[in-house]
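Residues 28 to 94 (my numbering) make up the sequence shown, in order. This report refers to the structure that appears directly beneath it.
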Amino acid sequence: MLVKMRDRGMSASEIAKAMGTTRNAIIGKMDLMGMTRRRRGPNLPTPPRGFVHKHAPSPPRQFSWQT
Numbered sequence: 028m029l030v031k032m033r034d035r036g037m038s039a040s041e042i043a044k045a046m047g048t049t050r051n052a053i054i055g056k057m058d059l060m061g062m063t064r065r066r067r068g069p070n071l072p073t074p075p076r077g078f079v080h081k082h083a084p085s086p087p088r089q090f091s092w093q094t
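So this is what it looks like as structure tokens:
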């Protein structure tokens, strides 16, 4: 049943609600079964190459004891 719901594109939250359990329980069961979680929906566009996230990491800091 979990595999069928997953194949239909349901999220872990939706599956949990339908089965009467928690999202974490569903994610744990999927992990035990060796199923991978989707990171992106099938209709979401991928970011263009060279895309910089709004909150890109800042350069490493130099401390006085490092110089």
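Just so it is clear, CB atoms sit at the ideal spot from N, CA and C, and this is done for glycine as well.
Please confirm whether Met28 and Met46 have their CB atoms less than 9 Å apart. At the C-beta level, Met28 and Met46 come within 9 Å of one another.
What did DSSP end up calling Ser40 once you bin it into helix, strand or coil? helix
Is it buried or exposed, Arg33, if we count other Cβ atoms within 10 angstroms and call 16 or more buried? buried
Note down, in chain order, each residue of its chain lying with its Cβ closer than 6 Å to the Cβ of Ala43, except the 5 sequence neighbours on either side. Thr49, Arg50, Ile53
Just how far apart, CA to CA, sit Ser38 and Gly55? When rounded, the distance between both Cα atoms is 14 Å.
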